[in-house]
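Please read the structure below before turning to the comments.
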Amino acid sequence: MPARYFKWSYDMKKIILMLCLLAVSVTMYGCTSKEIHKDSGLMKITDDNGRQVAFSKKPERIVVLSPSFLELLEVLDGNVVGRAESTIVRTPDFAKNAAVVGFIFNINTEKVVELKPDLIVAYKGMHEKYIQLFEANGIPVVVLNLKTYEDVKHSIKILGELTGQKEKGLKIASELDKKVQNTVKQLPKNTKRVAILHSSAQNVTLEKENSIAGCVAKLLQLHNIVQDIQSVTAPTGEQMSDKAPYNLEFLIEKDPEIIFITSMGDKNDIEVRLQNDVMSSPAWESITAVKNNAVYYLPDELFLLNPGLRYSQAVEYMASKLQE
1 MPARYFKWSY
11 DMKKIILMLC
21 LLAVSVTMYG
31 CTSKEIHKDS
41 GLMKITDDNG
51 RQVAFSKKPE
61 RIVVLSPSFL
71 ELLEVLDGNV
81 VGRAESTIVR
91 TPDFAKNAAV
101 VGFIFNINTE
111 KVVELKPDLI
121 VAYKGMHEKY
131 IQLFEANGIP
141 VVVLNLKTYE
151 DVKHSIKILG
161 ELTGQKEKGL
171 KIASELDKKV
181 QNTVKQLPKN
191 TKRVAILHSS
201 AQNVTLEKEN
211 SIAGCVAKLL
221 QLHNIVQDIQ
231 SVTAPTGEQM
241 SDKAPYNLEF
251 LIEKDPEIIF
261 ITSMGDKNDI
271 EVRLQNDVMS
281 SPAWESITAV
291 KNNAVYYLPD
301 ELFLLNPGLR
311 YSQAVEYMAS
321 KLQE
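All residue numbers for the sequence shown refer to the UniProt record's numbering, where the first residue is 1 and numbers rise by one.
What follows is the structure, encoded as structure tokens:
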């Protein structure tokens with residue numbers, strides 16, 4: 001056999017061998033890449049601030065900055081290692097052993113970081129100031145809104161995905177819907193005019209449809225008189241966007257048939273504020289709701305912070321006042 005043929009044959013074998021090895025490598029790399037992508041399973045959640053938050057695995061150590069999220073996580077089997085406290089919201093038994101990370105309005109950030117969570121659930125409009133610090137420590141933060149009924153159903157679905165309980169979350173949201181609709185169906189179809197006053201020690205405002213009480217009133221097909229204001233503006237800041245300025249003349253003009261009152265703060269201070277700003281005026285007595293003793297204080301546990309899975313109870317409570 002000629003040497004030249006032998007050399008060419010030998011070189012070709014080397015080339016073919018190298019091509020085979022390269023093909024195997026590419027195939028293995030392709031398989032490995034798919035496995036890494038699958039294993040990392042980048043789950044992306046868009047929170048209620050429009051932020052995309054990525055997770056490589058199901059969160060196993062969750063810290064909630066508002067106790068309103070606890071009941072949702074309980075039914076979705078979420079593992080809560082830290083929680084903020086509130087004087088209003090009851091702590092479910094499953095979370096009582098979780099570390100306390102301060103109060104809802106005053107979070108102990110050092111304590112949160114010490115717990116090494118792989119998910120922090122924050123309340124929209126309240127906890128944005130902490131996001132940068134937590135993310136700098138490598139902790140993902142999901143911001144959720146919990147005011148309206150739609151917010152609750154949306155949060156159940158998001159937390160269901162995060163806890164690996166997507167189907168369960170959808171089922172819970174559906175069951176909550178049925179309870180609310182059953183209450184609504186039992187009411188006579190005559191829209192009543194309502195006003196929802198919110199009193200703190202500082203001022204009195206009117207609650208809009210995107211407040212908790214306002215949303216419940218809307219579900220019950222009540223006419224919230226604040227919606228008649230052509231340009232509803234918040235008194236101060238973004239956190240007040242669910243409220244409009246209180247005006248007695250407007251209240252008298254619209255003459256609500258029912259008045260609901262929500263409050264925040266010391267009860268004695270609130271009574272003084274209501275008396276000074278609202279009830280001391282002789283014109284107050286001319287309002288239909290006042291003349292008919294249809295002025296009701298709504299319970300804090302259902303109408304100050306979001307009732308979550310008890311939204312149907314909030315609907316039932318307000319509905320019961322319509323029939324008195």
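All C-beta atoms in this analysis are idealised placements derived from N, C-alpha and C, irrespective of residue type, glycine included.
Nothing here was measured: the structure is a model prediction, and the numbers come from that model.
DSSP places Phe260 inside the beta strand (DSSP E), whose first and last residues are Ile258 to Met264. As computed with DSSP, Ser199 is found in a beta bridge with Val204 and Ser263. When C-alpha distances from Glu71 are compared across Phe134, Ile107 and Gly160, the shortest belongs to Gly160.
Comparing C-alpha distances from Glu257 to each of Val53, Thr288 and Ser263 shows the shortest one belongs to Thr288.
For a cut-off of 8 Å, the C-beta gap from Val180 to Ser312 is around 5 Å, short enough to register as a contact. The continuous alpha helix (DSSP H) containing Leu170 extends over residues Lys166 to Lys185. Judged by their CB atoms, Val80 and Ile62 are nearer to each other than the 9 Å cut-off. For Phe103, the enclosing beta strand (DSSP E) begins and ends at Ala99 to Phe103.
Contact between Gly82 and Val101 is confirmed by a C-beta separation of about 5 Å, below the 8 Å threshold. When the beta-carbon positions are compared, Gly308 and Phe69 come within less than 9 Å of each other.
A distance below 8 Å between beta-carbons, with the five flanking residues on each side excluded, links Lys254 to the following residues of its chain, in chain order: Arg193, Ala195, Ile225 and Asp228. With three or more CB-CB distances shorter than 8 Å, the segment 43 to 57 counts as touching the segment 124 to 143.
Apart from sequence neighbours up to five positions away, the residues of its chain that approach Ala99 with a beta-carbon distance below 7 Å are Val81, Gly82, Lys111 and Leu115, ordered along the chain. Exposed is the label assigned to Ala283, since fewer than 16 other Cβ atoms lie within 10 Å of its Cβ. Taking the CA atoms as reference points, Glu271 sits about 22 Å from Val89.
Sixteen is the threshold: when 16 or more other Cβ atoms of the shown chains lie within 10 Å of the Cβ of Asn306, as they do, the residue is buried. Arg310 carries a helical assignment under DSSP once its states are collapsed to helix, strand and coil. Note on geometry: alpha-carbon atoms of Ile259 and Leu322 lie some 11 Å from one another. With fewer than 16 other CB atoms across the displayed protein chains lying within 10 angstroms of its CB, Phe105 is exposed. For Tyr123 and Lys153, the gap between their C-alpha atoms comes out near 15 Å. Spatial neighbours of Asn97 in its own chain (CB-CB distance under 8 Å, excluding positions within 5 residues in sequence) are not present. By the CB criterion at 9 Å, Ser66 and Leu146 fall inside the cutoff.
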